[in-house]
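Visitor: Numbering (the UniProt record's numbering), first residue to last: 1 to 305.
Here a beta-carbon is modelled for each residue, glycine too, at the ideal position from N, C-alpha and C.
One structure, pasted below without further comment.
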């Protein structure tokens with residue numbers, strides 16, 4: 001039963017409010033079982049659900065009972081030196097940790113403004129001209145297909161690093177783990193015909209909606225920075241090739257030879273409406289991104305310990 005002690009320690013270490021919740025359940029369960037009605041004035045449905053989810057509370061004859069009272073008490077006592085533990089050790093997820101900083105919000109605002117460059121030629125020309133200060137010399141040294149490869153390599157590198165550093169994969173795994181657990185318990189309760197348990201799980205699902213928002217924020221935060229850095233690169237390619245109504249190319253780019261397509265102009269549609277330059281960029285980007293992730297041993301799949 002040592003695992004119960006560890007689970008209690010994890011819960012209490014990640015959220016100080018869970019200590020009071022566990023102590024309340026301990027007090028109510030001293031004589032045997034405890035029901036949601038006994039503690040609903042002192043616990044939230046989310047706290048109650050997490051105690052069940054972690055196996056600290058298990059099914060009893062009429063309500064719930066502590067899986068092991070002694071280990072639960074030991075978990076509280078041993079936690080006195082570890083109350084500042086990381087939230088990543090538990091599925092008790094603080095969605096507030098996903099709040100964006102002022103820099104994230106500023107990048108989001110600028111990114112929205114950069115999107116104007118795709119439809120407003122003045123903005124596109126302004127950004128293209130500014131980016132050409134840095135990228136123009138590169139275009140003079142290399143053929144344009146190689147320039148696109150270099151840009152795809154650069155965007156793939158910083159996109160991977162931003163995702164690895166700004167997305168908490170362990171927390172993402174916890175979001176998914178909690179939702180899977182809720183769904184499994186809901187399925188089991190339906191099979192048993194346990195309406196009371198279903199009602200409790202539905203209350204927990206409502207609270208878990210906050211976790212869904214936290215997951216979305218975790219996913220979108222690095223995307224803001226990736227777009228913040230990548231949109232100017234794309235607008236420079238628009239400007240250089242002459243993409244858009246009545247746009248004139250600013251760089252002599254020649255043609256490109258694509259697999260299964262053959263020789264094509266850069267602005268020629270080769271995959272439905274997708275033009276040759278964007279197809280070539282995506283082919284290079286996908287290939288380089290996979291190589292970068294393998295080389296740096298970066299796993300972008302959510303996982304929970």
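Going by Cα to Cα distance, which pick from 220, 137 and 200 is closest to residue 167?
Guide: Looking up residue 167 in the chain shown gives position 167. Answer by Cα proximity: 220.
Visitor: According to DSSP, residue 262 sits in a beta bridge with which residue or residues?
Guide: Here the question's residue 262 lines up with position 262 in the chain shown. DSSP output for residue 262 lists 258 as bridge partner(s).
Visitor: Let me know the secondary structure DSSP gives residue 40 once reduced to three states.
Guide: To locate residue 40, count along the chain shown from 1; it is residue 40. Correct three-state label for residue 40: coil.
Visitor: What is the DSSP secondary structure of residue 269, counted as helix, strand or coil?
Guide: In the chain shown, counting from the first residue as 1, residue 269 sits at position 269. Here residue 269 sits in strand by DSSP.
Visitor: Okay, do the stretch 197-210 and the stretch 232-251 touch, 3+ Cβ pairs below 8 Å being the bar?
Guide: The stretch 197-210, when compared against the stretch 232-251, does not touch it at the 8 Å Cβ threshold.
Visitor: CA-CA distance, residue 283 and residue 295?
Guide: In the chain shown, residue 283 corresponds to position 283, counting from 1. In the chain shown, residue 295 corresponds to position 295, counting from 1. For residue 283 and residue 295, the distance between alpha carbons rounds to 19 Å.
Visitor: Could you check which residue in 280, 148 and 251 has the C-alpha nearest to that of residue 260?
Guide: The residue labelled residue 260 in the question sits at position 260 within the chain shown. It is 280.
Visitor: By the three-class DSSP mapping on this structure, what secondary structure does residue 66 have?
Guide: The count along the chain shown starts at 1 and reaches residue 66 at position 66. Strand, per DSSP.
Visitor: Among 47, 53, 152 and 61, which one has its Cα closest to the Cα of residue 231?
Guide: Translated into the one-based positions of the chain shown, residue 231 becomes position 231. Residue 231 has its Cα closest to that of 152, out of 47, 53, 152 and 61.
Visitor: Residue 219 by DSSP, collapsed to three states: which one?
Guide: Residue mapping note: residue 219 aligns to position 219 of the chain shown, counting from 1. Here residue 219 sits in helix by DSSP.
Visitor: Counting only the same chain and skipping the five closest in sequence on each side, list residues whose C-beta sits under 7 Å from that of residue 136.
Guide: In the chain shown, residue 136 corresponds to position 136, counting from 1. Around residue 136: no qualifying Cβ.
Visitor: Taking the DSSP output, what are the residues bridged to residue 202?
Guide: Here residue 202 corresponds to residue number 202 of the chain shown, with the count starting at 1. For residue 202, which the question treats as bridged, DSSP gives no partner whatsoever.
Visitor: If you run the structure through DSSP and keep just helix, strand and coil, what is residue 229?
Guide: Your numbering for residue 229 matches position 229 in the chain shown. Three-state DSSP puts residue 229 in a helix.
Visitor: Just to confirm the assignment, what range does the beta strand (DSSP E) spanning residue 59 have?
Guide: On the chain shown, residue 59 is found 59 positions in, with the first residue counted as 1. Counting along the chain, the beta strand (DSSP E) containing residue 59 begins and ends at 57-59.
Visitor: Please go through the same chain and pick out, in chain order, the residues whose beta-carbon is closer than 6 Å to the beta-carbon of residue 194, but skip the five residues on each side of it.
Guide: In the chain shown, the residue the question calls residue 194 occupies position 194. Closer than 6 Å at Cβ, skipping near neighbours: no residue.
Visitor: Going by alpha carbons, who is nearest to residue 16 out of 34, 43 and 37?
Guide: Translated into the one-based positions of the chain shown, residue 16 becomes position 16. Of 34, 43 and 37, the residue nearest in Cα terms is 43.
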